[in-house]
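Just so you know, the sequence shown maps onto residues 1 to 402 in the UniProt record's numbering. All residues carry an ideal CB built from backbone N, CA and C; glycine is no exception. For clarity, every value in this text was computed on a predicted model and none was experimentally measured. Here the structure comes first, spelled out in structure tokens, and everything after it is commentary.
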Amino acid sequence: MNLKDKVKELAQKYSNEVLSDRRHLHAHPELSFQEHNTAKFVANKLKAIGITPTENIAGTGLTALIEGKKPESKIVALRADMDALPIMELNDVPYRSTNKGIMHACGHDVHTSSLLGTARILNDLREHFEGTFKLIFQPGEEVSPGGASLMIKENVLKANLHKVAPRSIYAQHVAPFIEVGKVGFKPGPVLASCDDIYITVKGAGGHAGTPHEVIDTVLIASQIVVSLQQVVSRNIPPHIPAVLSFGKIVGEGSTNIIPAEVKIEGTFRTFDEEWRKKAHENIVRLAKATAQGMGGDCEIEIEVGYPYLNNAIDFTERSMLYAQEFLGQNNVLVLPNVMMGSEDFAFYSHHIDACFYTLGVKNEAKNITAGLHTPHFDIDEDAVEIGVGLMTWMGLCELKQL
Ligand SMILES: [Zn+2]
Ligand SMILES: [Zn+2]
1 MNLKDKVKEL AQKYSNEVLS DRRHLHAHPE LSFQEHNTAK FVANKLKAIG ITPTENIAGT
61 GLTALIEGKK PESKIVALRA DMDALPIMEL NDVPYRSTNK GIMHACGHDV HTSSLLGTAR
121 ILNDLREHFE GTFKLIFQPG EEVSPGGASL MIKENVLKAN LHKVAPRSIY AQHVAPFIEV
181 GKVGFKPGPV LASCDDIYIT VKGAGGHAGT PHEVIDTVLI ASQIVVSLQQ VVSRNIPPHI
241 PAVLSFGKIV GEGSTNIIPA EVKIEGTFRT FDEEWRKKAH ENIVRLAKAT AQGMGGDCEI
301 EIEVGYPYLN NAIDFTERSM LYAQEFLGQN NVLVLPNVMM GSEDFAFYSH HIDACFYTLG
361 VKNEAKNITA GLHTPHFDID EDAVEIGVGL MTWMGLCELK QL
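Structural data, given as structure tokens:
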């Protein structure tokens, strides 16, 4: 039997265990950086497979090595995120969340259980590859500063036991916009950087009927929101996608009261680290100048979030060929556009070659269509066996070619 068929056979053999792991994790979700039981579950499963994990990295993170022949020759890393979201699940399913108000609405239960499935197969196939796989189960993808950045600080991408560092890293993410059976890739930039902008406009409040006696914070805030659109339309080179959106304005005045303070909150997203820094400077300068030009002032805080996610072009193009071999050409899609969402896997992509791909989980016939981060999100579980087999196969192909 060739290796590809062997991987498919093992993915099928372990599919019930992986699904039961997925359902367990789905029913017991934990918030970012509080994944204590999840981490314990993962550690116990790895030990049961015969793999010894390194635990408590960046809090609840774990890594584990699966060594083939010549284990010190090369390493490919495989990453799963483990955290859930503060959402009340509205699905009526046997594996519904039992932790009230917490839900795996971003599919990290699928990523974690799938990586455990991949670990089972790779462990069975140790005789069939040269090199080592490094499994990374990370906490806190959903909240700043992102578990990925903390895991990197704890040296998960550095050479350890074997004096060799991982050269490339894979991660999958469930995609409710792709039909089950298909997967999506995009070489190059794929997800945006993400920074939160907090502006507090200060003026002199007072009676709305005597505007000459106040410094109108509402008018200044309105002007700032309009002015700052110049950062995207005039400052950033037009070939770099960027978005600046404000979703919250709070001024606690009334029909006849101008408040002394107005708060504005928004998000800035783009695909270029140099322009990202310049945009931050422009936002501060323009907001300040606008407020001061109108007699008021403002304080600006920019919470710097994840960088943009860059899929290494050669590595991702190679991986698409591996995926075509495994799933057939028609089931491997090229995602046409960058997406303005963000993901902390981006941190890895600025250190080593990274490939982040999407696993189709949609099934309209079964009414499985809800988006990520919604209380009805679920997956067609047929996707799990595909995801487990595909990551195993791509990892094996990549390790061979390094
Ligand atoms: Zn998410
Ligand atoms: Zn996610």
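If you draw a 10 Å sphere on the C-beta of Gln-401, you find fewer than 16 other C-beta atoms in it, and that means exposed. Here the C-alpha atom of Glu-55 lies approximately 5 Å from the C-alpha atom of Leu-62. When the five nearest sequence neighbours on each side are left out, the beta carbons in the same chain lying within less than 6 Å of the beta carbon of Val-243 are those of Arg-269 and Met-340, in order along the chain.
In this structure Ala-159 is exposed. Its beta-carbon is surrounded by fewer than 16 other beta-carbon atoms within 10 angstroms. Under the three-state reduction of DSSP output, Thr-270 falls in the strand class. Those residues placing their Cβ nearer than 6 Å to any heavy atom of ligand 1 are, following chain order, Cys-106, Glu-142, Leu-372 and His-373.
For Tyr-95, the CB contacts under 7 Å within the same chain, skipping 5 residues up- and downstream, are Arg-23, His-26 and Ala-27 in chain order.
Contiguous alpha helix (DSSP H) elements confined to the region 101–142 occur at 108–124, taking only those with 4 or more residues. For Cys-298, the secondary structure class from DSSP, reduced to helix, strand or coil, is strand.
Assignment of alpha helix (DSSP H) within the region 290–353, counting only whole runs of 4 or more residues, yields 313–327 and 346–349 in chain order. In this structure, His-26 has its CB at a distance of at least 7 Å from all heavy atoms of ligand 2. In this structure, the C-beta of Asp-81 approaches ligand 2 to less than 7 Å from one of its heavy atoms.
Straight-line measurement puts the Cα of Pro-189 at about 20 Å from the Cα of Asn-235. Here the distance from the Cβ of His-350 to the nearest heavy atom of ligand 2 is not below 7 Å. Assignment of Ala-208 by DSSP, reduced to helix, strand and coil, places it in the coil class. Excluding the 5 residues flanking it on each side, Val-143 has same chain C-beta neighbours closer than 7 Å at Ser-32, in chain order.
Between the region 362–380 and the region 174–190, the count of C-beta pairs closer than 8 Å reaches three or more; the two stretches touch. Residue Val-361 holds the alpha-carbon nearest to the alpha-carbon of Asn-331 among Val-361, Met-151 and Asn-2. In the DSSP assignment, Val-226 falls outside any beta strand (DSSP E) and within the unbroken alpha helix (DSSP H) covering 217–230. With a threshold of 7 Å, the Cβ atom of His-173 counts as near ligand 2, since some heavy atom of the ligand is closer than that. Fully contained in the region 44–101 are the following beta strand (DSSP E) runs of length 3 or more, in chain order: 54–57, 61–67 and 75–81. With a threshold of 7 Å, the Cβ atom of His-104 does not count as near ligand 2, since no heavy atom of the ligand is closer than that. DSSP places Ser-245 within a strand segment (E or B) once states are collapsed to three. Within the model, the alpha-carbon separation for Lys-8 versus Phe-246 is close to 47 Å.
In this structure Phe-315 is in contact with Asp-353, their Cβ atoms being roughly 4 Å apart against a cut-off of 8 Å. Secondary structure note for Asp-196: its beta strand (DSSP E) is the uninterrupted segment 195–202.
By the Cβ rule, the region 1–15 counts as touching the region 114–128, because three or more pairs are nearer than 8 Å. In the three-state reduction of the DSSP assignment, Glu-30 falls in the coil class. For Gly-131, the closest of Ile-66, Thr-98, Met-103 and Ile-102 by C-alpha to C-alpha distance is Ile-66. Not one heavy atom of ligand 2 is found less than 7 Å from the C-beta of His-36.
Boundaries of the alpha helix (DSSP H) around Leu-396: 382–401.
Under the three-state reduction of DSSP, Val-214 is assigned to coil, being neither helix nor strand. Ranked by Cα distance from Lys-4, the first of Asp-382, Phe-326 and Ile-368 is Phe-326. From the listed residues Ala-39, Asp-297, Ala-64 and Lys-40, the smallest Cα separation to Gly-50 is found for Ala-64. Remark: the shortest separation between the CB of His-376 and any heavy atom of ligand 2 does not fall under 7 Å. For ligand 2, no non-hydrogen atom lies closer than 7 Å to the CB of His-239.
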